[in-house]
Amino acid sequence: MKPTLCKLLLTVLVAMGIAGPATAARVTIAQSLDPQSLWPNATTSADTYNAGTPIVESLFWLDASDNQIKPLLALSYTQDSPNQITIKLRPNVKFTNGEPMNADAVIFSYNVVTDPKQTPAYTRYFEGFSKITKIDNLTVQVDTSYPLPPMGLTLSLFFVVPPKYWTEVGGAVAFGRKPIGTGPFTFHSWVRDAQVVLKRNDAYWGKLPENIDELVFKSVPDFGARVAGAITGEVDIAKQVPISSVADLRKRVNLKVLEVNAFTVVHLILSSLEQHKSPLQDKRVRHAINFAIDKQGIIDGLFLGNARRLNGQLLRPTQPGYDPNIVDYPYDPKKAKQLLTEAGYPNGFQVPFKVPVGSIQQGQEVAEAVAGMLGAIGITAKIQLLEAGEYLRQLRARELGPMAISGNQPPDDSHFMMSQYHSTWRYSYINDAELDKLIDEGKVEMDPKKRDAIYRKISALIYEQAPVGFINGGVDHYAVNAKLKNFHPRGDGRYFFYNVSLDK
Amino acid sequence: MPQYIANRLLLTLPVLFGILLISFILTHISGDPTDLILPPDATESARKSFREQHGLDRPLWVQFGSFSWHALQGDFGESLRFGVSAISLVTERMAATTELAVAAMVLAIGIGIPAGVVAAYWRNTVVDVVVRAMTLVGQAIPSFYLGIVSIVVFAVMLGWLPTGGRGTWAQLLLPAATLSLHIVALITRVTRSCMLDVLGQDYIRTARAKGLGESVVVRRHALRNAFIPVLTIIGLQVGLLMGGVIVTETVFSWPGVGRLAIQAIYARDFPVVQAVVFLFAMIFVIVNLLVDLLYAALDPRIGYK
């Protein structure tokens, strides 16, 4: 549905002012996709992850309320040496089929998550793991082939499965259809493409979410229908509500709108690689492009103010390496034009501009706005629309150069963001020896302060070298029943029900 | 008749083989599904093992040979996203789609034929003008728009019906009505024009001259003769219905084959796309065969040898 149509319809919704309460003990979530599996390590899709994590638990979890890694099935881990950690497991935890959660279960799960055949989607996280050793029934030691600074994040993606049940059902696919875990909820039923129902696990080892007996994950692909469901009270959490409906939803007393800084970074890929012969190989031209983009104009005009300024860097304020001293390239077409003239292009030039269809929020509109702004300084950016799969293929084959728009969402660690600019990375569009050296240093630096300093240097270098045109950071919106408390979604669309409660 | 049916069924074999070939080519020219199914930062070894696991590393003709051989035995391979048999994913959603399609067809026939008859009988009156105007609107409104408007009106504003999902009669009503609208309009228009044609025939005048009541003239003499082209249109609409379920099921969160198909297309889940295309094509072929057989039942002059 087109934004204008959506706006019109939502105006009608607002005018009607109809709202209904949710069922007391049931929390219904409307997400766009049906889970592919209920085993959280099956895919990196947030809709799969969110429906599986109330059942199957990880060693740690990342609490978005304070952005801290907190213990779950593990009590703690200690860094014995740069390449070794010891994990202490929580005692007296059982899977709901009675199997014990212990070192054997963790070792079994280790063999699953580190096997690219069984867990292809998470190989990048676990590729540094080299060995696991049982110390005692509740202690394991993990060796890595190099120091892994984002260890907490990695362990929060390590889900523990019951070995006997996993083997009995025959592995990942069958387990994902009917999982058994240690979590606060148990699997009850799943009608494909309709809903997954989870029931409270009364034998849960920890604190149960208050006054929630059931979680129901409904797949509602149409965002208009998700908004309508939130308004009528049929759903308690509507994911990814469109920006055009946010202002109207905020006026409703039975709902609250949560605004989450998404991990998505919308930017231009500006290739300086030899293979992409173009004026963009000249740094001054890349700077000119950055000066020519009116970021605030895009945020206000296309996102109705509901987007984040990048402040001239790719990292978010909560990540190590974010530097508050770096500010955006100001919108200055005159300066842009001057830089182009200095670079030898007083009359501008023409450049292909690749844009994926549908995979970036408002991506086509942003690209058109950018093309218009570049046109004002004489650069004719010829938009080429690419189907999402073809776009990804070209991204990985480094065929998007010299210019494309990207809305990527790397995992939440500075290393995962910055390593994409290492010359050896599959879809890096810059080859800079200093940048490579810093990224290599950051990858293995365990000292948080030194790590922060390294990533600040990388941020400054990326600002200066401008392999990207900075545009905006995404913001996700959730329409949530006002009675639901402590619900904190993360910027990658993932959320948990620990500490969540539903007022009666 | 049995000979005719056997011949027709035999003729469907090359058609189905053609469909297998076309669906295979069309899905495979869209590119490598690995790019869409694994995250962009998945390691090379993970990508390699995914390709090997699903046979995507084999030459295309080998893939087609193996696909056709298995497809003829009803096995379309494993879904790349779900890791389970593609045909089972389709069949477990078939009941929902059939329910929706049948309800839409019942509505379309139940409304379309009487509306066409009424408009033809009272042609160039207010009734006719209203019916024609409605058919125009019905054919012009895109179903995604109608779907969302009906959710706003009947679920949000009036609170009479739920916004989506499946399980109750109330949940069936809006999607079935949305899906049927285009077909209602088409059936109405075709019925009207065929009826107009028939009502001007000599045998209708004769029937009236015999002193038959108007309702008998219309039902037994006019409608029955006008019905054959209408039946043809109804048969062909099964194809439209199969396309329509994709949009309707998405808007109303209806857990059917249409939604599975659209997700599979986006994710390049080849086996699922091929299974859906094959199954829809089979349904289309069989329905059209049934329509041909119904001609004979309706018109004794038509016989199949």
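Chains A and B, in that order, are what the protein sequence lines are.
FYI, the working numbering numbers position 48 of the first sequence as 1089, with every residue one higher than the one before it.
FYI, the working numbering numbers position 278 of the second sequence as 552, with every residue one higher than the one before it.
Even for Gly, the Cβ is constructed at its ideal location relative to N, Cα and C.
CA-to-CA distance, residue j to residue i, given in whole angstroms
i, j, result
"Ser319 of chain B", "Pro1157 of chain A", "7 Å"
"Leu1103 of chain A", "Gly1532 of chain A", "11 Å"
"Tyr987 of chain A", "Ser1086 of chain A", "Beyond the ends of chain A as shown, which are 1042 and 1545, falls residue 987 of chain A; an answer cannot be given."
"Gly530 of chain B", "Ala369 of chain B", "8 Å"
"Ala378 of chain B", "Gln1077 of chain A", "29 Å"
"Ala481 of chain B", "Ala393 of chain B", "21 Å"
"Glu326 of chain B", "Trp1246 of chain A", "41 Å"
"Phe350 of chain B", "Ile536 of chain B", "17 Å"
"Gln1403 of chain A", "Lys1526 of chain A", "30 Å"
"Leu1130 of chain A", "Pro1262 of chain A", "39 Å"
"Thr365 of chain B", "Arg1233 of chain A", "11 Å"
"Thr1382 of chain A", "Arg1327 of chain A", "13 Å"
"Ala1063 of chain A", "Thr524 of chain B", "Bear in mind that the predicted position of Ala1063 of chain A carries a pLDDT of just 42, short of 50, making it too unreliable to give a figure here."
"Gly390 of chain B", "Ala459 of chain B", "9 Å"
"Ile1310 of chain A", "Leu410 of chain B", "48 Å"
N-terminal and C-terminal residue of the beta strand (DSSP E) that residue i is part of
i, result
"Tyr1470 of chain A", "Premise fails: Tyr1470 of chain A is in no beta strand (DSSP E) and is neither H nor E."
"Val1396 of chain A", "1390-1397"
"Tyr1118 of chain A", "1115-1122"
"Glu1300 of chain A", "1296-1311"
"Gly1212 of chain A", "Run containing Gly1212 of chain A: none; DSSP gives neither H nor E here."
"Val1183 of chain A", "1180-1185"
"Phe1228 of chain A", "1226-1232"
"Ala1445 of chain A", "1444-1449"
"Asp1177 of chain A", "1170-1177"
"Ser342 of chain B", "Careful: Ser342 of chain B lies outside any beta strand (DSSP E), inside the alpha helix (DSSP H) at 334-346."
"Val427 of chain B", "From DSSP, Val427 of chain B is part of no beta strand (DSSP E); its letter is neither H nor E."
"Leu1551 of chain A", "It is not possible to answer for residue 1551 of chain A, since the shown part of chain A is limited to 1042 through 1545."
"Ala1422 of chain A", "1420-1427"
Buried/exposed call for residue i, threshold 16 Cβ in 10 Å
i, result
"Trp335 of chain B", "exposed"
"Trp434 of chain B", "exposed"
"His993 of chain A", "Residue 993 of chain A lies beyond the range of chain A shown here (1042 to 1545); nothing can be said about it."
"Asp573 of chain B", "exposed"
"Asn281 of chain B", "exposed"
"Glu1475 of chain A", "exposed"
"Ala1251 of chain A", "Reading the sequence as shown, one finds Glu at residue 1251 of chain A and not Ala. Classification of Glu1251 of chain A: exposed, given that the 10 Å Cβ count is below 16."
"Ser489 of chain B", "exposed"
"Ala1014 of chain A", "Residue 1014 of chain A lies beyond the residue range present for chain A, which begins at 1042 and ends at 1545; the question has no answer from this structure."
"Asp476 of chain B", "exposed"
"Ile576 of chain B", "exposed"
"Arg493 of chain B", "exposed"
"Leu346 of chain B", "exposed"
"Phe1537 of chain A", "buried"
"Val516 of chain B", "Sequence check: residue 516 of chain B is Met here, not Val. Met516 of chain B is buried by the Cβ-count criterion."
"Pro1489 of chain A", "exposed"
Residue i - DSSP class collapsed to helix/strand/coil
i, result
"Glu352 of chain B", "strand"
"Arg1350 of chain A", "coil"
"Lys1205 of chain A", "helix"
"Gln1072 of chain A", "strand"
"Leu460 of chain B", "helix"
"Gly305 of chain B", "coil"
"Gly276 of chain B", "Sequence check: residue 276 of chain B is Pro here, not Gly. In this structure, Pro276 of chain B counts as helix in the three-state DSSP scheme."
"Thr1127 of chain A", "strand"
"Lys1378 of chain A", "helix"
"Leu1433 of chain A", "helix"
"Val1621 of chain A", "The structure shown does not extend to residue 1621 of chain A, since chain A spans only 1042 to 1545, so no value can be given for it."
Start and end residues, alpha helix (DSSP H) containing residue i
i, result
"Asp1025 of chain A", "Residue 1025 of chain A is absent from the model: chain A starts at 1042 and stops at 1545."
"Gly1515 of chain A", "First-last for Gly1515 of chain A: 1509-1522, but that is the beta strand (DSSP E), not the alpha helix (DSSP H)."
"Ala393 of chain B", "360-395"
"Val546 of chain B", "544-572"
### Task
Spell out a yes or no on whether the segment 507-522 of chain B and the segment 423-434 of chain B are touching, meaning 3 or more CB-CB pairs, one atom from each, closer than 8 Å.
no
### Task
Examine the Cβ distances between the segment 1290-1299 of chain A and the segment 1419-1429 of chain A and report whether three or more of them are shorter than 8 Å.
no
### Query
Do the segment 419-428 of chain B and the segment 440-453 of chain B touch if we need at least three Cβ pairs shorter than 8 Å?
yes
### Query
Are at least three pairs of beta-carbons, each pair with one atom in the segment 1194-1205 of chain A and one in the segment 1138-1156 of chain A, less than 8 Å apart?
yes
### Query
Okay, do the segment 290-310 of chain B and the segment 1272-1281 of chain A touch, 3+ Cβ pairs below 8 Å being the bar?
no
#### Entry: the segment 1296-1312 of chain A / the segment 1445-1454 of chain A touching (three or more Cβ pairs under 8 Å)
yes
#### Entry: Inter-stretch contact (C-beta, 8 Å, three-pair minimum) for the segment 1360-1380 of chain A and the segment 1490-1498 of chain A
yes
### Query
Looking at C-beta atoms only, is the number of pairs between the segment 1173-1186 of chain A and the segment 1234-1244 of chain A that lie closer than 8 Å three or more?
no
### Message
Check whether the segment 1479-1488 of chain A and the segment 1333-1343 of chain A touch, using three or more Cβ-Cβ pairs below 8 Å as the test.
### Response
no
### Query
Do the segment 410-418 of chain B and the segment 548-566 of chain B touch if we need at least three Cβ pairs shorter than 8 Å?
no
### Task
Specify whether the segment 1104-1119 of chain A and the segment 1128-1142 of chain A touch according to this definition: at least 3 beta carbon pairs, one from each stretch, less than 8 Å apart.
yes
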